[in-house]
Each structure stands twice: as C-alpha cells, then as structure tokens.
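In our numbering, the protein residues as written are 5 to 980.
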Amino acid sequence: MEKLTLEYLRTIERKWQQIWKERNIYEADADPKKPKFFLTVPYPYTSGPLHIGHGRTYVLGDIIARFKRLLGFNVLFPMAFHVTGMPILSISDRISRGDRKTIDLYRTYVRLYIDNEEEVERVLESFKDPINVATFFADNIQKDFESIGLSIDWRRKFHTAEPIYNKFIEWQYYRLKDLDLLKKGTHYVRYCLLHKQPEGEDDIEDGDVNPVHIQEFVAIKFKYEDGYILASTLRPETLYGATNMWVNPNATYVKVRVHNGEIWYISRESLIKLKHQYPFEFEAIEDTIGSAFVGKYVESPLGDKLVILPASFVDPDRVTGFVYSEPADAPYDYAALMDLKRNPDTLRKYGVDPSILDSIKPKKIIEVKGISGLHAEYVINKYNIKNQLDPSLQDATEEVYREQFYNGTMNENAGELAGLPVIIARDRIREKLIRENKAIIFYETSRKAVCRGKGKIIIARVDNQWFLDYSSEWWKKKTKEHFKRMLIVPEKYRKVFEDAIDWLKFRPCARLRGLGTRLPFDKEWLIESLSDSTIYMAFYTIVHIIRSSNIDPEQLTPEVFDFIFLGHGDPAAISTKTGIPIDTLEKMRRSFEYWYPNDLRHTATPHISNHLTFFIMHHIALFPEKYWPRGISLNELVICEGQKMAKSRGNVIPLVDIAKKYSADLFRLYVASSADLDGVVDWREVEVARLERSLLSFMRICLDATKIEEADTSVIEKPAVRWFLSVFYRHLENAKTLLENFKIRDYITSMYYEIINYIDKIKKRIGEHDALKAVRLILKDWIIALSPVIPHIAEEIWSRINRDPLKWSINLERWPETRKEFINERLEALEDILGNLISLGRELKRLLKSPVSSALIVVAAEWKFEVLDLLREKFLKGGTRDLKQMLGQVREKESLRKHIEQVAEILKKVFEGKIKVPEVELTQRDVYEYLQQNREHIARELDVASVEIIIEETATPDIRDRAQRSLPDRPIIVFA
RNA sequence: GCGGGGGUUCCGGAGUGGUCAAACGGGCGGGACUUAGGAUCCCGUGGUGAAUGCCUACGCGGGUUCGAAUCCCGCCCCCCGCACCA
Numbered sequence: 005m006e007k008l009t010l011e012y013l014r015t016i017e018r019k020w021q022q023i024w025k026e027r028n029i030y031e032a033d034a035d036p037k038k039p040k041f042f043l044t045v046p047y048p049y050t051s052g053p054l055h056i057g058h059g060r061t062y063v064l065g066d067i068i069a070r071f072k073r074l075l076g077f078n079v080l081f082p083m084a085f086h087v088t089g090m091p092i093l094s095i096s097d098r099i100s101r102g103d104r105k106t107i108d109l110y111r112t113y114v115r116l117y118i119d120n121e122e123e124v125e126r127v128l129e130s131f132k133d134p135i136n137v138a139t140f141f142a143d144n145i146q147k148d149f150e151s152i153g154l155s156i157d158w159r160r161k162f163h164t165a166e167p168i169y170n171k172f173i174e175w176q177y178y179r180l181k182d183l184d185l186l187k188k189g190t191h192y193v194r195y196c197l198l199h200k201q202p203e204g205e206d207d208i209e210d211g212d213v214n215p216v217h218i219q220e221f222v223a224i225k226f227k228y229e230d231g232y233i234l235a236s237t238l239r240p241e242t243l244y245g246a247t248n249m250w251v252n253p254n255a256t257y258v259k260v261r262v263h264n265g266e267i268w269y270i271s272r273e274s275l276i277k278l279k280h281q282y283p284f285e286f287e288a289i290e291d292t293i294g295s296a297f298v299g300k301y302v303e304s305p306l307g308d309k310l311v312i313l314p315a316s317f318v319d320p321d322r323v324t325g326f327v328y329s330e331p332a333d334a335p336y337d338y339a340a341l342m343d344l345k346r347n348p349d350t351l352r353k354y355g356v357d358p359s360i361l362d363s364i365k366p367k368k369i370i371e372v373k374g375i376s377g378l379h380a381e382y383v384i385n386k387y388n389i390k391n392q393l394d395p396s397l398q399d400a401t402e403e404v405y406r407e408q409f410y411n412g413t414m415n416e417n418a419g420e421l422a423g424l425p426v427i428i429a430r431d432r433i434r435e436k437l438i439r440e441n442k443a444i445i446f447y448e449t450s451r452k453a454v455c456r457g458k459g460k461i462i463i464a465r466v467d468n469q470w471f472l473d474y475s476s477e478w479w480k481k482k483t484k485e486h487f488k489r490m491l492i493v494p495e496k497y498r499k500v501f502e503d504a505i506d507w508l509k510f511r512p513c514a515r516l517r518g519l520g521t522r523l524p525f526d527k528e529w530l531i532e533s534l535s536d537s538t539i540y541m542a543f544y545t546i547v548h549i550i551r552s553s554n555i556d557p558e559q560l561t562p563e564v565f566d567f568i569f570l571g572h573g574d575p576a577a578i579s580t581k582t583g584i585p586i587d588t589l590e591k592m593r594r595s596f597e598y599w600y601p602n603d604l605r606h607t608a609t610p611h612i613s614n615h616l617t618f619f620i621m622h623h624i625a626l627f628p629e630k631y632w633p634r635g636i637s638l639n640e641l642v643i644c645e646g647q648k649m650a651k652s653r654g655n656v657i658p659l660v661d662i663a664k665k666y667s668a669d670l671f672r673l674y675v676a677s678s679a680d681l682d683g684v685v686d687w688r689e690v691e692v693a694r695l696e697r698s699l700l701s702f703m704r705i706c707l708d709a710t711k712i713e714e715a716d717t718s719v720i721e722k723p724a725v726r727w728f729l730s731v732f733y734r735h736l737e738n739a740k741t742l743l744e745n746f747k748i749r750d751y752i753t754s755m756y757y758e759i760i761n762y763i764d765k766i767k768k769r770i771g772e773h774d775a776l777k778a779v780r781l782i783l784k785d786w787i788i789a790l791s792p793v794i795p796h797i798a799e800e801i802w803s804r805i806n807r808d809p810l811k812w813s814i815n816l817e818r819w820p821e822t823r824k825e826f827i828n829e830r831l832e833a834l835e836d837i838l839g840n841l842i843s844l845g846r847e848l849k850r851l852l853k854s855p856v857s858s859a860l861i862v863v864a865a866e867w868k869f870e871v872l873d874l875l876r877e878k879f880l881k882g883g884t885r886d887l888k889q890m891l892g893q894v895r896e897k898e899s900l901r902k903h904i905e906q907v908a909e910i911l912k913k914v915f916e917g918k919i920k921v922p923e924v925e926l927t928q929r930d931v932y933e934y935l936q937q938n939r940e941h942i943a944r945e946l947d948v949a950s951v952e953i954i955i956e957e958t959a960t961p962d963i964r965d966r967a968q969r970s971l972p973d974r975p976i977i978v979f980a
C-alpha cells in the first residue's frame, strides 16, 4: 500500500505530466467533424517568475478547458509569451550597468530555477542581452505551467519579439492605418535629461512603488519691469484671491527673451524644462538672484498690484520657481505669511518694511459647505501646522485641493467666475488666460524623480506621436453593440467594461524604445506592449503551421494575412508572389476559420479597462463579425495570509514553489475552491495544510476503492447505498450545471466536499468496507467529474480501474451521464427526516436533566400527511394564501373534517412560513417504515438502549399533547 | 468627485423576498482515541428553555410588504479603478 504523502502526489504528478507530454494529449487540430472550443488566457509577461496569483488565473482557465473537453469539444488552449516593451529591456540595461539591487533580485529569481551557483551567474551574465531575459523566463514559465498540469498545446507557443510575430503585427497596423484609426499628434512624456530619451515607469527610480505623473500647471504672466514674471499654479481660479508674489531669495532666476520678443523671468531650472516643452527659441539674457526681486511689484492679468516677498518653500526646480500667494485657500501661502509676520526681521534683511504685511489680507473667493472662515486657516489648525516647512502642509494642501475641486463654488469676489463650481471655473480661466496670451501651460512631474541611471526626469513634448484613436465613433458604436451580446462572467463586471469603452479616447500606441515590433511605415517607432497584444489569439491558429512549413518571416507579407484572416485575394497569386505553397496558405486559412472566434478569454480583473477592452475593439475593427470574441471570464487576485503579495513585503510565493513544496492538484483544488471567481483567494498555510490532509484522505478512499472489483454490486440494495447513489447522481447532475455556469467553487463543494461527507455518513451506517464498495460503484464517474480540478490524481485512479486501452487517459473520457434510475427523491426526503430527527433528538436529550435510556418516536397522524399533500397541490403550485378558501377545501375531505381546528392552525403556520411543505409526497407508512428500518442507527446515534416507533393515532394519553405537535417531516421524540 | 464592489455571528466568509440562530472554514470549549499529541474523529459554540419551541442579529435612519439581511429612499464607513503602464 502506498504511503500517502505530498511527495507521493508530486511523484504521480510528474509521472503523468511526462506521459501527457510524450503523447501530445493536449494538441488540438482543426477537425470540422467536431465542435470546437477556443479558450485563451493572456500570455504572461516574461520579465521574471510568475507567482501563485497568476497561477490561479491559469488554473481556472485550465479547469474550463478540461471541462469542455469532457463535454466533447475539440478544445484549443494555447499559450505564448509577452516580451514587448520596456521592462525587460530596462532589467537588462540595469544588469549591464551593474545595478546591485536588480542583480541581487534577479539572482534570487534565477536561483528559483537553477541550483548550480556557477550556472546562476552565467545566466545572470547572459541577461545583458534582453532577449535572454525573455527566453530564460519564458522557458521556465512554460515548465511552471506544465508542473501545475495546464493542458496547453505547446506547439503554438511564440514570443512577441519573434520576426514571424512582428510580421503579423505589421499586418495589423497596416490594417489599422487603412481604417484611419492610427493618428499622429503631440504628446507629453516623462523624459530623462541625462539619457535624452523618454523613460517609462520601469526606468524611473522607485517608479513602480511611487509612480511619477504628469501634472499640468498654468504659468501666469505677471507684468514686471520690462517683461513678465511667470508664476505657476495648478489652480488658476485662485488668481482672484492673489495677494502677493513669492520668490525664493536664494535661487537663481534667469531673464529670457522668447520668440515673440517677450521678456520672461523664470528660474534657471525651469528654462531647461521649457525648452523641452516649446518648440521656439529661448534667449537667456542674464541671471538674477531671487532676493533681487523682493520688495518689487508685479501686476496680475486682473490688474492687481502685488508685492514680491521671500519664501523658502518656493522651489526653483518646481515649475517656474515663482508662485503667487493666495493665502485664503493655499496652506503654504498662509503659513509663509504667518512666518513673515512672526519674524519681521526677515523682510528687513531684504530692505522691505514689514508694515507692508498689514496690507496683505487673505481674500476668500471659494465657498465650501461646512467651511465658514478661510479654508487654509482651517486646515493649518486641523493639522497643527507650525511653519512653511512643516511636512504636513502637503496633506493639508491636498485636502483643500480635493474639497474645493469637487465641492467648491466661486463667490462674488471671483469676478467673472462668480457662482461657478471650481471644477468649471478652473478650466474656464485657464482657457481664457491662454487664449489672451496671459499664461502658458507648463508640464511638471508630480514629484522629483531620476531615472535608474540617476538622470533627472522632466516632462518633454513629443511631436509625431502615434495614437490609436479609440474615440472613433463607428468603432465605439459597433463595440457597444457587440459587447451586449458577449458573455461576461461574473456578470457584475459588465458595467466596468461599458465604462472602459466609453472612457477610451486617444491612446499612444508606440514608443521609441523597447522590444517588439516596429511600425512598418514609420520605423523609428516601436509598437507599445498593450497595443501589440490585442488580436494575437488569431496567430495561435496558424503559428504551428508557419513553423512546420518553414516559412520565412519575409514571406509573411500583408497579403498572406489578408488571405488567412479575411479571405481576401487569390491564393494562387499570393503563393506565386511569396513562395508559400498554396495548400499551406489554404491550410492556415482553414485552421483559422475552424478555430475562430475566440470562445472564451479568461483572465484577472485588472485587465478589464485596458487589455480586454482593446482585445474586443481590435477584433471588431479588423475581423468580420463572425470572428468577434464571444465571451470573457474573470477572476480576482490571490493574497497571502491576509496580506497583498508584494515584493516589498517579501511574501510573494513563486509559482515554481508549487511543484517543489506543495502539489499541483493541491494548489489547483485550493485556488479553485477557496473563493468564487469574484472573491479574493487567501493563501493560508494552515488552510493549505488542512486541504492537503483532506486530499490525501480522498486519495486513500479512492485507492482503497480501486481494489474492489467493478463487478461487485453486493451492497447496491442497501438503503444507505441506494440513498448514497441517489445523492451522488443528483450532485453529479448539479455539478455539471454549476460548471457550465462557471460556478467552479460550488462545483467543488458539491462534487468533492459534499460527496466525501456522504461517504463518511454511509461509513457509519454500513461500515467502512461496504462503504468502499459503494464508492466503487460511483468511482469512475466521480473521478471523471473531478478530473478538471485534480487531473493528476484522477488520472492515477483512472489508470488503476480502466480496462480499455483506447481510453488510456481520463482526458479521453466524457462527462458521465447522470444515472437517473438511481435518483430517488423519496429516499432522500426520508433520510433528511431521519437526519433531522437525530439532530433534534440530541439537542433535546442534552436539555434533559436526568439520564434517559429509551426513545419513543411518534410519526405524525395520517391526516396531517393529507393536509400537506393538499397544500403541496394548492399552496406550493398555485400560491393561494386564502385561509378560508383552503379550509373550505379541507372541509370537503371526510378524513380531515374532524381535525378542522388543528388543520387551521397548521395552515396558519404554513402561511406564516413557520411550517414548510415537504416537496416530496410521502405517506405515513413511508416514514414509519423508514424509521423502523433505522431503529438501530437511531439508538446508536442518540445513545439510548431502546427505540420504539409508533404512529400518532396510537399514542397513549400521557404523551398525546406532545404527539400532537408532530408533523409529517418532523416526528416527535419522547425520552424516558 | 465619478464608476464599481462591500459593511452579516469572536474572525474569514455563505445567504439577495418566506423552511434564517444564520452554510462552510478558523478560533474557542468539551469528549473519544492515545505514552503523548501540534494528528484524527465526535459534540458544542446568540439568549432562554424538562422539551421538538420562544425571543434577539444582519453599518445607521426611514419606507414598501402578510413577511425584508434580501426591494425602495436618505446617511455613515471600507476597498478597487480613474489610463497610456505591463
């Protein structure tokens, strides 16, 4: 007898994975005779190892694939690898540069797969070429996938930097351009001054944990001497409350002549930024120290004269290095003014008379419900802010900003903005100032940032940026129409998609660096990673043919794809032109036509608003309607011991650990059963350990049952076994429905947990050996039904009981038929009555103060059965609630008439919902006999020496009161 | 702010118009087995009760209904998304 341990499970898992692979059991080819099901799960990004959260998504996809195979579908479940974009390149760059943190991190990653240290270093060295990063992880992720038992057709794998894939994407972009969905325009990006190139999140130091956003400031021109001081703000509507100007006295400013001859005064740092944002010439005339401005005056576009005062919080490296002061609503301004009032010497130092402060009065211009005084003052007090260098000012500012933006209204002090909500006023004044040449837009990073090579990040303008125009009207309209017809599981995510389709506007779809495919008509641009992975499911249908036919990338011209995917063109002509044999072209066309559309795409919810929506839209733009996607199913994430998995927490469990430390089937069962699709799976070691014990004991039962001869049906007539067969087949039927509706968790509860409980129950009734015989009767059907979740264990059991060499694998089986002849609702109802009786009996027994040795069970009187039968007809089906009418019908029955008062009571309680009408028709005799048959069982369970069963009609007077309370499904127990 | 999800018993989490004191699991209490047990199994876990019941809970406040955790209105709180990034 095998010792059942995790190690044993791992052994059989490896064994079967090996066999499945050798026999290519998951390879699927077009076969017009068979119905097809084309399932995809998005390919992983191969910049590092996957974790168990990814594993959940792939396993759920795999369960669906396996279930569909059991239903007789020809299932295609392919996989590939995504390498496009910056992350992999960035990792490679960092490793080449000798970045310690990255090297250490990747060393731990490589060690997950390789235990020879020399080899680890060799691999790490190879990562200096980005394609090696991609292929190393792609190869190992494939192994991880195999090790958790995914039923993937690996012949179709590819990665997105391969020339054949590039050709496919080129075709896509030619088509998009033909459709006029590709547009050129201006765009602002994060840009590194050192490397003179745009930098993505991956290139920016801490960009992943503390992302850098692009903020749009308005730099307003204030008249100053021979030109303008540019003071910047995110809140131009506050111009109406401006009281003074701030300058950093220690910073260096520069006087600049711009293209139209205007003179601007701005900080030295900001000149560099402006040069990257405006295409015209800037002529630096002279530098000025900030203190030189102090005490002088500017004039705002509204005509207000404002004095320039010193403030240390003003950062010359933030926008223009000047800010105007609006102390009513800006906590920084308010605090800086307070500081000056407290320390008048500061002003004297710059030769300014402190009395000037007396004329500076905050001017309230924004009303927010619940704030009566100055909003800035309110938060200064709330956060207990001491001075202008207090770090809490940031939070205080954000609070005011948020409150005023969403809930603020401009008051009568705000000139032409008066009465407008802030949200409108801001846009209005910005447009106006810019239109009148009184301000410019200035883009700035949301925080100070450097790239991983320590170069300073600013915001720069990119001309000729390529965009995908998702705002295109026909495109959106068609998408919305088709989307209504798509299957979305769980349905609650439908709205998120609809919103995403609405939100999408222009989206930059190419960048200047990275791995991937170049735009064929503008070769300096590389198609960005979310834009080159929208229709690749189509590529799966032909990629294995491209490879096996040794087609060169150069042969894959747009005409080839036009023919395969759209049926355009003459294959003979294309064949002549490209050298691809005509039958190969036609084979690819047939394969595509067979497999498409994608029947189901399964993935995790974060992809909804980007990838999945692009996926739908691109199909709609590029393919004929019959090839548009049919459905999407989604699952939530995995957390670990109640906490989000994060590199920074160090609690990420790599997928590779599953096959090393746990077991594939254990993992599969856990992630599929511990939460519904829309619930978060919490990976908790104690729970996993518990499930492990359960799974091993399940395995034990199955293995023991295999030792019983299939022909041994000696127990089949036992009531407990008949009952067991009934509940089993009802559950089997139910499980199929659940799976068809993607209720994977409920299916496992029904087919796994509940069946195990039923086996425990019959063990008590008929003993372990007979229980195993009963299990043997359903074993084959049971393991087939469980094979989608635990394919390895199922296969192992299968291999021990299957006698048909043609059906060597459980993968070749079909979902078992429900054996209706075994379903016996009456028996189940009787068993329920018995079960309830026992549990009630136990409860009552506990209440008794004195020990008891016998139980008298009273089955309800015959007439009560009649009443409930009547109710079942009239009440359950018809739904009448009319007591009088019901009583009228009761009176017509001779047998019931004499009990009319009690009947009325029962009816009342039924209407109140206190008594349930049993769904199955039973007679008093049925119940009586069933209880008789199970007297010993009842005695054992209630721990009494004797059990007597009588019917209410024969109850002796001393117990008659109690006996009267009996109901057909609720006999009375009297202990003595 | 907008959009989405959610607030249920000690905890995690079922339940979306009536069999609900509330699935399932954890924790806790008791018992069995045992040299022992962190292993396994059984029982219990709102209150009350010598009886097969009764009373009470579902964020807060109203309403609809014979009947509401479930439907409607208002309010409070928590989580996620709001993009160009895979």
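All C-beta atoms in this analysis are idealised placements derived from N, C-alpha and C, irrespective of residue type, glycine included.
Identity of the residue in the options nearest residue i by Cα
i           : options               : result
residue 670 : 8, 13 and 7           : 13
residue 90  : 178, 208, 353 and 156 : 208
residue 532 : 130, 419, 164 and 965 : 164
residue 73  : 789, 524 and 526      : 789
residue 792 : 40, 862, 65 and 263   : 65
residue 588 : 98, 16 and 550        : 550
residue 816 : 217, 468 and 30       : 30
Residue i - containing beta strand (DSSP E), residue span
i           : result
residue 390 : Unbroken run through residue 390: none, as it is neither H nor E.
residue 443 : 443-449
residue 413 : 412-414
residue 493 : 491-493
6 Å Cβ shell around residue i - same chain, five flanking residues per side excluded
i           : result
residue 749 : 677 and 680
residue 171 : 557 and 560
residue 717 : none
residue 233 : 226, 269, 302 and 326
Neighbour-count burial assignment, residue i, 16 or more Cβ in a 10 Å radius
i           : result
residue 697 : exposed
residue 429 : buried
residue 22  : exposed
residue 290 : exposed
residue 810 : exposed
residue 882 : In this prediction, residue 882 has a pLDDT of 49, which is less than 50 and means its spatial position is unreliable; what the coordinates show is noted afterwards. Exposed.
Proximal residues to residue i (C-beta, below 8 Å), its chain only, five neighbours per side dropped
i           : result
residue 950 : 857, 858, 859 and 943
residue 488 : none
residue 258 : 269, 270, 271, 272, 275, 288, 289, 290, 291 and 292
residue 968 : 906 and 956
Contacting residues, own chain, Cβ-Cβ under 7 Å from residue i (five flanking each side not counted)
i           : result
residue 437 : 222, 224, 240, 305 and 443
residue 392 : 315, 316, 317, 336, 339, 340 and 343
First through last residue of the alpha helix (DSSP H) which encompasses residue i
i           : result
residue 144 : 134-151
residue 591 : 586-599
residue 706 : 689-710
residue 855 : Residue 855 -> no alpha helix (DSSP H), and no H or E assigned at all.
Nearest-angstrom Cβ-Cβ length linking residue i and residue j, presumed shorter than 8 Å
i           : j           : result
residue 687 : residue 56  : 6 Å
residue 605 : residue 633 : 6 Å
residue 417 : residue 365 : That belief does not hold up - the Cβ atoms of residue 417 and residue 365 are roughly 12 Å apart, past 8 Å.
residue 134 : residue 92  : 5 Å
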